[in-house]
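Contents: one structure, followed by commentary.
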Amino acid sequence: MPFPTDVRVVDLMLNVPVSATNEEWYTQFLPLLMDKESRQAFKMPAQYMFKGIPNFDGVDDLIGHTFAEMDKHNIGTAMMGFYEGSDHIAEIERRFGDRVLWELPVNPNEGMDEVRRIKRLHKDHGIAALSIFPCGLNPQVPINDKKMYLLYATAVELDIPVMVNVGVPGPRVPMAPQKVELVDEVCWFFPELKFIMRHGAEPWDELAVKLMIKYPNLYYSTSAFAPRYYPKSIVDFANTRGSSQVLYAGYYPSGLSLDRIFAELPQVPFKDEVWPKFLRDNAKRLFKIKDPA
């Protein structure tokens, strides 16, 4: 099935590098890492899984460079992490704010203070989604933990999706908080919640498909996977009854280059009619993106 070159892509996981190594992104869960290699040798905590991680030595304008890369691959809109008080984020907002959807990484361990912060930043900066890395929180918090319910209820109230890492995490930290079976209870209790599974759901991807069939507001994004490794169960689901529930997300610059992603995408066996939904339309509907995008 030919890959469409005329679809203006929405990438649901793309960030502007902060530095040559982006070590700042991983400080929250570094205390959870026990092995020497992860602590001392890796530039990013799941480095053993990725080859050719982008490097930005010698790039003076990291923001301009990133948006030029987006243009090269016809990416119109990107979802990026929002960090309050960051001059880096403020400059992105000033220069390219009309092409960015802001996701807010949130921590359920902060209780009502976090709820108040979410509502304030949603009002002031148009936060489009909440993102949670259950295994990367310190302490870790399971997907269905009572502390998470505060955040899910807030997302419903604000009518924004929540994006949650599911499946075995790449960093060498315990996996129990991200078992896909835990998603079932959350979707049952919050039928209005728009829940997007991130980072693969493996080895429980077939269970993720069963849950998406069960819950219409449950979605899957392809973040952190090179296209050649998209699970077959997910591709098959998108090609059948799940064409409106599978969304494109990359992993630039954390682990993958856009050149690699877009070189491999044409080999993914999506049906012709699935491609526009996967690359753009599902995200536009879910995040209420107005044209042009």
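According to the numbering used here, the residues represented by the sequence shown are 351 to 643, in order.
Don't be surprised by glycine CBs; every beta carbon is placed ideally from N, CA and C.
Do residue j and residue i count as a contact pair if the criterion is CB distance below 8 Å?
i    : j    : result
C537 : N515 : no
A479 : I510 : yes
V533 : F545 : yes
V518 : P553 : yes
D361 : Y598 : yes
G550 : A576 : no
M363 : G600 : yes
F353 : L608 : no
N494 : E556 : no
E531 : V506 : no
Specify the secondary structure class of residue i as computed by DSSP and reduced to three states.
i    : result
P455 : strand
I425 : strand
R470 : helix
N632 : helix
A505 : helix
N372 : Because the pLDDT at N372 is just 49, under 50, the model does not fix this residue reliably, and the value given afterwards should be weighed accordingly. Three-state DSSP puts N372 in coil, outside helix and strand.
S648 : The displayed coordinates of the chain run from 351 to 643. Any statement about residue 648 would go beyond what the structure contains.
Y602 : strand
V624 : helix
D641 : coil
Kindly give me the distance between the Cβ atoms of residue i and residue j, rounded to whole angstroms, as I take these residues to be in contact under 8 Å.
i    : j    : result
P603 : P455 : Incorrect: roughly 17 Å between the Cβ atoms, too far for contact.
T416 : V366 : 4 Å
M430 : S481 : Their Cβ separation, rounded to whole angstroms, is 10 Å, which puts M430 and S481 out of contact at 8 Å.
L500 : G461 : 7 Å
Here's the rule: buried if 16 or more other CB atoms are within 10 angstroms of the residue's CB, otherwise exposed. What is residue i?
i    : result
N632 : buried
M525 : exposed
Y579 : exposed
T590 : exposed
Quiz item: Touch check for the region 435-452 and the region 489-498: three-plus C-beta pairs under 8 Å?
Solution: no
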